[in-house]
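The structure appears below as structure tokens.
Protein chains in written order, with my numbering: chain A, 550 to 854; chain B, 550 to 854.
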């Protein structure tokens with residue numbers, strides 16, 4: 550895959566490269582969740598059901614593209630760490646859908662995990678996926694232990710009480726009272742931005758970038774993450790079940806950037822974030838043409854009004 | 550604390566030493582879950598509520614005692630890693646008590662976490678504790694990164710689909726059909742043994758023991774863990790709410806070693822495990838007098854019929 554990077558970027562078909570990366574990620578995820586016959590419990594089935602299938606794999610692809618933009622250094626670790634982040638993402642979706650949380654029945658066009666396996670097995674599958682994420686990073690033997698512990702710390706910060714779980718808690722218990730768009734944007738950061746940022750930062754750590762470059766990559770991915778969540782809110786507002794592949798208008802009773810700003814302003818905010826992301830990417834001094842195109846491609850069709 | 554170890558073991562008052570260790574662990578756990586004022590959400594309160602309080606701290610004490618038995622090498626890491634294991638244990642208890650799992654209302658003499666904070670916050674607190682466990686190990690800066698990744702791998706194996714979450718899944722969905730004591734013992738291993746074993750193994754890794762000694766420590770702690778779970782089943786059978794501090798006879802409808810073997814045979818099995826644990830400890834060549842006394846003390850009063 551790295552061969553592409555020695556060519557001129559204009560020569561590379563982005564869609565084809567991303568499709569190859571997605572295939573590579575899917576194959577790796579499948580390997581990461583291989584179980585022995587004796588382990589074939591409902592738990593293992595629920596873990597595979599929740600992880601494998603039709604995910605866009607945006608986070609692992611982002612992680613790999615950062616390492617490729619640094620010349621492919623640490624790419625094997627970026628693949629595994631990116632997959633670990635996808636495990637965490639899948640774990641969070643299982644919980645989001647639970648009856649005691651968003652009570653969503655459909656996810657990626659299929660029954661939510663708890664609808665198919667029951668609440669208890671779904672919760673245990675979520676724990677199993679989060680746990681496996683840390684195991685995958687810790688057991689990646691072709692990288693220095695220091696890089697692995699650094700990646701684990703970044704991931705743990707993204708998941709914990711300054712990240713995903715805090716975001717879900719605020720979403721459930723505080724968001725309905727939000728009247729200020731900046732609070733919604735802060736929540737979007739916790740629910741989506743932190744994991745995007747972790748994906749890109751871990752790609753930069755894998756590539757052993759200098760601290761200044763890592764900081765620029767973090768700024769880049771932070772803006773991308775918030776833009777992505779805003780775009781998701783636009784989809785929830787406008788989408789159909791068929792195209793979103795999940796329950797839409799679940800968030801009707803909750804304020805979103807869209808409900809507080811209106812669609813046009815939300816689209817504008819999204820585009821502005823994208824501009825800031827591009828500026829940060831330029832400051833990173835990475836060979837970021839593919840990264841920029843990738844981000845454009847995942848957001849462009851969502852933000853055209 | 551290590552000063553004790555330079556004395557003759559006969560001189561040491563075990564109860565006093567364990568009480569000091571418990572205080573040290575409790576103080577460290579309190580520090581590990583310090584939150585900023587801006588983070589004072591229900592989530593953080595639920596995490597502190599579930600972790601802090603009256604736990605016996607058997608797992609972290611076991612981890613520290615192994616490192617002390619090796620002369621105190623790696624003791625600071627054993628303290629933090631032992632605390633991480635206690636976080637995992639607390640996370641597992643939150644889930645065990647949920648309405649969709651054991652539906653227990655009381656834990657350690659207080660309302661179960663979900664009764665006090667609601668199902669959603671309880672589940673997120675469990676995730677937050679598990680996640681913080683990995684963070685605590687990864688960020689322990691006074692130990693080699695290789696020791697940290699080794700400890701994370703041991704912990705992840707203990708939690709995952711060959712450990713705790715598998716045990717809980719089997720407990721919920723398969724145990725009611727068990728008729729064979731050996732299957733119950735296998736389940737006891739998954740539900741309790743693996744985390745005991747991880748605690749002792751990580752203490753041995755912290756102390757940088759040789760592979761043979763680590764294997765002996767694992768055998769020792771495996772036997773201790775299974776004995777401890779059998780003793781727990783005896784308490785569930787015989788106990789009163791006041792003394793157990795949790796709902797007792799929750800397991801009445803599930804076969805246990807006690808129900809399949811009878812109380813006397815279960816007590817005998819427990820004592821036999823203890824003998825095997827002592828033999829394994831002797832093979833480890835550790836200075837294990839305190840460890841042996843500690844294990845005796847946590848099990849003796851449970852296995853006297």
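From the three backbone atoms N, C-alpha and C, an ideal C-beta is built for every residue, glycine too. In this text, all values refer to a predicted model and were calculated from it rather than measured experimentally.
The count of Cβ pairs closer than 8 Å, one atom from the region 740-752 of chain A and one from the region 613-625 of chain A, reaches three, so the stretches are in contact. Boundaries of the alpha helix (DSSP H) harbouring residue 722 of chain B: 713-722, taken from the DSSP string.
In the three-state reduction of the DSSP assignment, residue 648 of chain A falls in the coil class. When C-alpha distances from residue 804 of chain A are compared across A/611, A/731, A/581 and A/711, the shortest belongs to A/731. One alpha carbon belongs to residue 705 of chain B, the other to residue 628 of chain A, and they sit about 20 Å apart. DSSP lists B/656 as the bridge partner or partners of residue 659 of chain B. For residue 616 of chain B, the enclosing alpha helix (DSSP H) starts and ends at 607-618.
Look at residue 581 of chain B: its C-beta is not under 8 Å from any C-beta on chain A. Our two residues, residue 715 of chain B and residue 587 of chain A, have alpha carbons roughly 11 Å apart in a direct line.
In the structure shown, the three-state DSSP call for residue 706 of chain A is helix.
In this structure the region 632-640 of chain A does not touch the region 767-780 of chain A; the number of beta carbon pairs closer than 8 Å is below three. The region 590-598 of chain A makes contact with the region 666-678 of chain A: 3 or more CB pairs, one atom from each, lie closer than 8 Å. Neighbours of residue 661 of chain A in chain B, taken as residues at a C-beta separation under 9 Å, are lacking, since the least C-beta distance is about 14 Å. The C-beta of residue 673 of chain B comes closer than 8 Å to at least one C-beta of chain A.
The region 810-821 of chain A and the region 593-607 of chain A do not touch, with fewer than three beta-carbon pairs separated by less than 8 Å. Residues of the region 720-739 of chain A with a Cβ closer than 9 Å to any Cβ of chain B, in chain order: 721, 722 and 723. At a cut-off of 8 Å, the C-beta of residue 626 of chain A has no neighbouring C-beta in chain B. Contact note: residue 593 of chain B reaches chain A through 710, using a C-beta cutoff of 7 Å and chain order. Annotation for residue 769 of chain B: the continuous alpha helix (DSSP H) segment containing it runs 760-787. DSSP places residue 566 of chain B in the helix class (H, G or I) of the three-state scheme.
Taking a beta-carbon distance threshold of 8 Å, residue 680 of chain A counts as an interface residue toward chain B. Taking 8 Å as the Cβ-Cβ cut-off, the region 813-830 of chain B has no residue approaching chain A. Proximity to residue 632 of chain B across B/723, B/739, B/727 and B/611 peaks at B/611, based on C-alpha coordinates.
Residue 579 of chain B and residue 699 of chain A have their alpha carbons spaced roughly 24 Å apart. Near chain B, meaning a CB-to-CB distance below 7 Å, the residues of the region 634-656 of chain A are 644, 649 and 650. Note that the region 761-771 of chain A touches the region 823-842 of chain A; at least 3 beta-carbon pairs, one per stretch, sit closer than 8 Å. The Cβ of residue 631 of chain A sits no closer than 8 Å to any Cβ of chain B.
Residues of chain A with a Cβ closer than 9 Å to the Cβ of residue 750 of chain B do not exist; the shortest Cβ-Cβ separation is about 14 Å.
Counting only residues of its own chain and dropping the five nearest sequence neighbours on each side, residue 727 of chain B has a CB closer than 7 Å to the CB of 733 and 804.
For residue 722 of chain A, the closest alpha carbon among the candidates A/709, A/694, A/651 and A/676 is that of A/651. In this structure, the straight-line span from the alpha carbon of residue 583 of chain A to that of residue 681 of chain A is close to 12 Å.
Contacts between residue 683 of chain B and chain A, judged by CB atoms closer than 7 Å, involve 683, 701 and 705 in chain order. Selection A/787, A/785 and A/741 evaluated against residue 608 of chain A yields A/741 as nearest (Cα-Cα). Check the Cα spacing between residue 839 of chain A and each of A/717, A/697 and A/621: the tightest is with A/621. Here residue 606 of chain A is not near residue 684 of chain B, since their CB atoms are 8 Å or more apart.
In chain order, 610 and 843 place their CB closer than 7 Å to the CB of residue 567 of chain B, counting only its own chain and leaving out the 5 sequence neighbours on each side.
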